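Numbering-wise (full-length UniProt numbering), the sequence shown opens with residue 1 and increments by one. For each residue, glycine too, the CB sits at the ideal point set by N, CA and C. Predicted model only: the values in this text are computed from it and were never measured. One structure is given here, and the rest of the page talks about it.
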Amino acid sequence: MPHPSDTIADRLQQAYEALTRAERQLATSILENYPVSGLGTITTVAQAAGVSTPTVARMVQKLGYKGFPEFQAELRRELEAKISDPIAKHDTWAERAPDAHILNRFTEAVSGNIRQTLAQMDPDSFDAACALLADTGRGVYVVGGRITRALADYFFLHMQVLRPQVTLIQSISNAWPHYLLEVEAGDVVVILDVRRYENSTLKLAEMAAARGAKIVLFTDQWRSPVSQYADHVFSCRIEVPSAWDSGVTLMLLLETVIAEVQEQTWPETRKRMEALEDMFDRTKFFRKFT
């Protein structure tokens, strides 16, 4: 049973195994350039996927919509949310702000985001992504965007301690091609990209995939266009009563990945951490209370 706050992409993924071959072909077509790919007429959507119009009608009903118009209305609402800027998001929230204190409202929203994100998480995909990141035979590259670069830097700092060959790609469009020179087939590129998706990040993903890299994407519930090139996609809920989106769920997932990679690489990681602590002691970076 779909959750009321599920996106159409969520519903497509949840229903995928129960769809017919033609419906799966349609679902894949819609997800490739989601949500814009579903905004044409029922005929153009069908033609783009190479299926019949009755197939489109049947699939949207399987997703819980009365018909194609209701399906498209929901897509338009998602698109509006996807492209809205911080000022627009704040104005929308302020009009329906409840009387409860912001501490309670914000915490409740974040808690809901975590619950919904974890409820839709694919443990097999999570385990497979962690296995890729723990494989020291693969190089790991990490990149974020205007807002997510802080999370990318945090993730990189920890991964660099856990294992060798980890690189943080600068979030500057004219700098990342230099890093791409080093990416080899089988390497892992971790990308963080949330709404107001960046064109340079999409191009980086496209070119990294062409070089044979494995792409692990951390994104929002509307799914970055990078998802079309990703081997593993983790969609996190980010909406809160603020002009800004929340990074709490993304941070939770990143820290969980760090914990699992640490577990898988512990014998080597322990040696690296001991060597690092010895360097800290010798440089006297940190005070010791002994």
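- Spanning the alpha carbons of T283 and I169 requires a straight line of approximately 27 Å.
- With contacts defined as CB atoms closer than 7 Å, V226 and L202 qualify as a contacting pair.
- Contact between Y141 and Y179 is confirmed by a C-beta separation of about 6 Å, below the 8 Å threshold.
- Judged by pairs of C-beta atoms under 8 Å, the region 197–211 does not touch the region 259–275, as fewer than three such pairs exist.
- Secondary-structure assignment with DSSP links C236 through a beta bridge to D220.
- Rounded to the nearest whole angstrom, the C-alpha separation of L276 and F285 is 11 Å.
- Y179: member of the alpha helix (DSSP H) spanning W176 to L180, first to last residue.
- C-alpha of T219 to C-alpha of P177: approximately 22 Å in a straight line.
- Closest in C-alpha terms to L252, from the list F156, I114 and A129, comes I114.
- By the beta-carbon neighbour count (other beta carbons within 10 angstroms, threshold 16), W244 is exposed.
- Shown here for Y65: same chain residues with a beta carbon closer than 8 Å to its own, the five before and five after excluded, namely F71 and E74 in chain order.
- For the region 118–199, the continuous beta strand (DSSP E) assignments of 3+ residues that do not extend past its boundaries occur at 140–143, 166–168 and 188–192, in sequence order.
- A straight line joining the alpha-carbon of Q264 with that of A131 spans about 8 Å.
- Under the criterion of beta carbons closer than 8 Å, V194 and I147 qualify as touching, at roughly 7 Å.
- Our two residues, L192 and F234, have alpha carbons roughly 10 Å apart in a direct line.
- Annotated as distal: T117 and T256, with beta-carbon spacing of 7 Å or more.
- Annotated as distal: T28 and E78, with beta-carbon spacing of 7 Å or more.
- With contacts defined as CB atoms closer than 7 Å, T43 and T53 qualify as a contacting pair.
- For V240, same chain residues with a beta-carbon under 7 Å away, outside a window of 5 residues either side, are F106, A109, V110 and S246 in chain order.
- In the structure shown, K284 falls within a coil segment according to DSSP collapsed to helix, strand and coil.
- Under the three-state reduction of DSSP, K214 is assigned to strand.
- When DSSP states are grouped into helix, strand and coil, P69 belongs to the helix group.
- In this structure, the beta-carbon distance from H232 to A119 does not fall below 7 Å.
- Taking the CA atoms as reference points, K214 sits about 23 Å from E268.
- The alpha carbon of G137 has as its nearest neighbour, out of V188, Q47 and D127, the alpha carbon of V188.
- Shortest Cα-Cα distance from G112 to any of D127, R237, A205 and L133 involves R237.
- A208 sits in a helix when the DSSP states are folded into three classes.
- Q13 places its beta carbon 7 Å or farther from that of V51.
- Residue burial is scored here from C-beta neighbours: F280 has fewer than 16 other C-beta atoms within 10 angstroms and is therefore classed as exposed.
- The continuous alpha helix (DSSP H) containing L26 extends over residues R21 to E32.
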